Amino acid sequence: MEPFEDDKLVSALESLRPEPRPAFAAELDERAAAGFPRSAGGSPLRRLADRLRSIEPRRALIPAGATALACIAALTVVIAASEKGEKKENPSGGLLSLESPGVTFDPEVAPRAAAGESAAGESLLRLSSKEAAASSAGAVAKAAPSDTGPYATRAPRREIERSAQLVLGTEPAEVRKAASEVFETVHAYRGIVLSSSIRDSGEGEAGARFALLIPSARLGDAMADFSAIGEVRTRREATADITAPTVRTGELLRDSKATVEGLLAQLAQADTDAERAAAEAKLRAERRHAANLRSQLSGLARRANLSRVQLRIESGAPAASSGESGWGIGDALDDAGHLIAIAAGVTIVGLAVVGPIALIVLLAWLANRARVKRARKRALA
Amino acid sequence: MDAVSTRSKTVNQTLVASAAEAPSEAELAFDRLYRTSRDEVYAYVASLVRDAAAAEDVTATAFERAYRKRSRFDPSRGEPRAWLFGIARNAALDELRRRGRHAELAAEPADLAATPAHESAEASERRLAVADALADLESRERELIALKFFAGLSNAEIAAVVGIGESNAGTRLHRAMTKLREACDGAV
Chain A
148 MEPFEDDKLV SALESLRPEP RPAFAAELDE RAAAGFPRSA GGSPLRRLAD
198 RLRSIEPRRA LIPAGATALA CIAALTVVIA ASEKGEKKEN PSGGLLSLES
248 PGVTFDPEVA PRAAAGESAA GESLLRLSSK EAAASSAGAV AKAAPSDTGP
298 YATRAPRREI ERSAQLVLGT EPAEVRKAAS EVFETVHAYR GIVLSSSIRD
348 SGEGEAGARF ALLIPSARLG DAMADFSAIG EVRTRREATA DITAPTVRTG
398 ELLRDSKATV EGLLAQLAQA DTDAERAAAE AKLRAERRHA ANLRSQLSGL
448 ARRANLSRVQ LRIESGAPAA SSGESGWGIG DALDDAGHLI AIAAGVTIVG
498 LAVVGPIALI VLLAWLANRA RVKRARKRAL A
Chain B
271 MDAVSTRSKT VNQTLVASAA EAPSEAELAF DRLYRTSRDE VYAYVASLVR
321 DAAAAEDVTA TAFERAYRKR SRFDPSRGEP RAWLFGIARN AALDELRRRG
371 RHAELAAEPA DLAATPAHES AEASERRLAV ADALADLESR ERELIALKFF
421 AGLSNAEIAA VVGIGESNAG TRLHRAMTKL REACDGAV
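Residue numbers (my numbering), protein chains in the order written: chain A, 148 to 528; chain B, 271 to 458.
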């Protein structure tokens, strides 16, 4: 045989080329014509992976983006709806929430009411041991905390004044019954009805108004019972820390008491009528000052122990409060801003959750790809 | 001839069906690719896995994978044939990996034994000598020869399939051919 020339070598190589069986070729042609249908076998996960692999990345972006947007929109709607539901159930947003919209606290309201009804409420006052001691001569100095700064930050116990407003809705025929339940509730909590006004009339006109004092320690329970009387339309609660004025007044009372004692000693040592008269005059003035301070301290104790509750029963549709006559452009902008904020929040939280997972999946995919690449190289080596 | 006729008929059916469903450009391009590459892909795969049944499975798998990915093929990144043979190569290597044995780049012994009736004794002897020399080459060299002479790819396409530079592919192929020729001459 002659040595191999290029064309002969190539010809020999080409003659060695494996050819497919006609039956296999025909079967493959059929599958190609049918678009390589997926076999029924294989796990659903595998079929899903195959399906995902076949999607063009650029085309996948549109449905993926649409799905993400739909998820964000759905979550935004759910969150916004749940927030609305919560507000409807509890407009105050919490028993002692000062951040609740519409919460206004007038420090003058409670003391004035308490002072006005001091005679009626005297028997129900439950002064703490400290205030009781402060109101009795000689014990103030021991009870008053030493810190008299603007907030009395080191006071051992905080004195908190609380107030609440509640608007209930009911049928015109039920107003009297509801008012009766209000009285019963106040009685049950050993509270005080400062004033009441009940009007029987048609829808929208029938109603009742109450000014109440409820022991602060039981205000939460009492508000819950009041809320059960009718449909809660508005519920507002507020607190104010009156520790600093209480401490300051107690210390002033202690100083005044010491001054009185000094004047009594001065009076005892007076030799002349003029000195005695002068000492008595100072003593009278100081006693008046001490009595005034004692009264102030007592008033502060009442403010801390009794919470003022303004309760109104309405009939008919809820009345729009001033400044809330309708839903305008401002409200629309507020709502839109709120929705955008929720959507942004959902997006950020979603990214915070999906981001690390996607990173882990990406790393796992890259690692698997490198492993397969190495294994393929080894397979041919 | 019958096989060619059957194939043309099926492909025509595909084209008719595709026309009725207004096929996309990617589908038409894939159909063209399938028609021009089916036997070459089988030949290349068979030379890698050296098992007729496995070669059929791998060929079908390769085309199926390519069909699923047809819309992801980017013509600006290379020739369609290089892309298809890259998929076939990965499928074949996966098969080898699965079986845990290495490829033997040669036609099946049964094919070599089947000497064509019209072939002269000298041609038959030369063919057997080439087959033996091919079997003695390294796997990577045999793969390059299979891609060149069984699949009919250009050097640029071979480079894309194997993942090397075009000049590097040409150099390696030349070395493999020189080695093959020397082995054949030695046998003679």
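All residues carry an ideal CB built from backbone N, CA and C; glycine is no exception. All values derive from a computational prediction rather than experimental measurement.
Test: residue i CB closer than 8 Å to a CB of chain B
{"i": "residue 162 of chain A", "result": "yes"}
{"i": "residue 172 of chain A", "result": "yes"}
{"i": "residue 157 of chain A", "result": "yes"}
{"i": "residue 528 of chain A", "result": "yes"}
{"i": "residue 523 of chain A", "result": "yes"}
{"i": "residue 210 of chain A", "result": "no"}
{"i": "residue 196 of chain A", "result": "no"}
{"i": "residue 516 of chain A", "result": "no"}
{"i": "residue 167 of chain A", "result": "yes"}
{"i": "residue 606 of chain A", "result": "Missing from the structure shown is residue 606 of chain A; chain A here goes from 148 to 528 and no further."}
Other residues of its chain near residue i: CB distance less than 6 Å, five sequence neighbours each side excluded
{"i": "residue 361 of chain B", "result": "328, 331, 332"}
{"i": "residue 361 of chain A", "result": "336, 338, 369, 454, 456"}
{"i": "residue 440 of chain B", "result": "425"}
{"i": "residue 423 of chain A", "result": "417"}
{"i": "residue 312 of chain A", "result": "383, 457"}
Extent of the continuous alpha helix (DSSP H) run through residue i
{"i": "residue 445 of chain A", "result": "420-452"}
{"i": "residue 428 of chain B", "result": "425-432"}
{"i": "residue 169 of chain A", "result": "169-180"}
{"i": "residue 335 of chain B", "result": "322-338"}
Rounded Cβ spacing between residue i and residue j (contact assumed at less than 8 Å)
{"i": "residue 346 of chain A", "j": "residue 354 of chain A", "result": "6 Å"}
{"i": "residue 408 of chain B", "j": "residue 340 of chain B", "result": "Contact doesn't hold; Cβ gap of about 34 Å is too wide."}
{"i": "residue 336 of chain B", "j": "residue 354 of chain B", "result": "5 Å"}
{"i": "residue 432 of chain A", "j": "residue 363 of chain A", "result": "Actually they do not touch by this definition, with Cβ atoms about 35 Å apart."}
{"i": "residue 460 of chain A", "j": "residue 317 of chain A", "result": "6 Å"}
{"i": "residue 416 of chain B", "j": "residue 314 of chain B", "result": "5 Å"}
{"i": "residue 410 of chain A", "j": "residue 426 of chain A", "result": "6 Å"}
Beta carbon proximity, residue i to chain A, threshold 8 Å
{"i": "residue 326 of chain B", "result": "yes"}
{"i": "residue 317 of chain B", "result": "yes"}
{"i": "residue 431 of chain B", "result": "no"}
{"i": "residue 347 of chain B", "result": "no"}
{"i": "residue 522 of chain B", "result": "What the structure shows of chain B is the stretch from 271 to 458, and residue 522 of chain B is not part of that stretch, so it cannot be assessed."}
{"i": "residue 415 of chain B", "result": "yes"}
{"i": "residue 308 of chain B", "result": "yes"}
{"i": "residue 427 of chain B", "result": "no"}
{"i": "residue 366 of chain B", "result": "yes"}
Cα-Cα separation, residue i to residue j
{"i": "residue 519 of chain A", "j": "residue 428 of chain B", "result": "21 Å"}
{"i": "residue 510 of chain A", "j": "residue 436 of chain B", "result": "31 Å"}
{"i": "residue 513 of chain A", "j": "residue 430 of chain B", "result": "21 Å"}
{"i": "residue 396 of chain A", "j": "residue 406 of chain A", "result": "15 Å"}
{"i": "residue 517 of chain A", "j": "residue 420 of chain B", "result": "29 Å"}
{"i": "residue 212 of chain A", "j": "residue 451 of chain B", "result": "58 Å"}
{"i": "residue 368 of chain B", "j": "residue 497 of chain A", "result": "40 Å"}
{"i": "residue 325 of chain B", "j": "residue 445 of chain B", "result": "27 Å"}
{"i": "residue 421 of chain A", "j": "residue 434 of chain A", "result": "20 Å"}
{"i": "residue 448 of chain B", "j": "residue 356 of chain B", "result": "25 Å"}
{"i": "residue 307 of chain A", "j": "residue 437 of chain A", "result": "24 Å"}
{"i": "residue 441 of chain A", "j": "residue 400 of chain A", "result": "7 Å"}
{"i": "residue 341 of chain A", "j": "residue 388 of chain A", "result": "23 Å"}
{"i": "residue 163 of chain A", "j": "residue 404 of chain B", "result": "10 Å"}
{"i": "residue 172 of chain A", "j": "residue 396 of chain B", "result": "29 Å"}
{"i": "residue 374 of chain A", "j": "residue 329 of chain A", "result": "10 Å"}
Host beta strand (DSSP E) of residue i (start-end)
{"i": "residue 381 of chain A", "result": "378-388"}
{"i": "residue 343 of chain A", "result": "339-346"}
{"i": "residue 352 of chain B", "result": "Run containing residue 352 of chain B: none in the beta strand (DSSP E); it sits in the alpha helix (DSSP H), 350-369."}
{"i": "residue 311 of chain A", "result": "307-317"}
Sequence-distant residues of its chain with Cβ nearer than 8 Å to residue i (five each side left out)
{"i": "residue 486 of chain A", "result": "223, 227"}
{"i": "residue 350 of chain B", "result": "299, 303, 343"}
{"i": "residue 220 of chain A", "result": "490"}
Check: residue i C-beta below 7 Å from any heavy atom of the ligand MN
{"i": "residue 325 of chain B", "result": "Of ligands this structure carries none, so the ligand MN is not represented either."}
Spatial neighbours of residue i in its chain, beta-carbon cut-off 7 Å, leaving aside the 5 residues before and after
{"i": "residue 349 of chain A", "result": "319"}
{"i": "residue 314 of chain A", "result": "380, 381, 459, 461"}
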